[in-house]
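Step one of this worksheet: look at the structure below.
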Amino acid sequence: MAHKGGKSDVALIYAVFPTAGEGHDMCRRLLSERLIASANRFPMVISHFRWEGEIEAKEEHPVLFKTSPDKADMAMQRIAALHRYEVPAVVRVSTDAAYPAFADWVAFETA
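Residue 1158 in our numbering sits at position 88 of the sequence shown, and the numbers go up by one each step.
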């Protein structure tokens, strides 16, 4: 797929899930809905945070979702809506320096 000369933007969305299975299911769901082009699931991490006045440390499973800037807000809303956490950690990181052919592919896959 040749670069079309447009912007080379890709939006990255980082989120964590309580189980590997939930991260896997979210990847499949967003791919099937064409809200993302791809995702990377990472090994389990230990997250430290304060919740309802208590300091917690829990195992979580991070995922990095790759999408077009046009679909990023919808993808974030969908992750939050399907997530079992009351306040899921869903963070968008915008880029303006993606490899052009990759940015084109992401745009195609999320069209």
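For glycine and all other residues, C-beta sits at the position ideal for the given N, C-alpha and C.
Straight across, the Cα-Cα distance linking Glu1126 with Pro1139 is about 33 Å. Taking C-alpha positions only, Met1144 is separated from Ala1150 by approximately 10 Å.
Rounded to the nearest whole angstrom, the CA to CA distance from Val1080 to Arg1099 is 20 Å. Short of 6 Å from the beta carbon of Ala1177, and not among the five residues preceding or following it, lie these beta carbons of its own chain, in chain order: Ser1138. Per DSSP, the beta-bridge partners of Trp1121 are Glu1124. For Met1114, the CB contacts under 6 Å within the same chain, skipping 5 residues up- and downstream, are Glu1129 and His1131 in chain order. Contact annotation: Arg1111 and Gly1093 have beta-carbon atoms nearer than 8 Å. With contacts defined by Cβ atoms closer than 8 Å, Phe1087 and Ala1109 do not form a contacting pair.
Counting only the Cα atoms, Thr1089 lies some 20 Å from Gln1147. For Leu1134, DSSP records a beta bridge to Tyr1084 and Asn1110.
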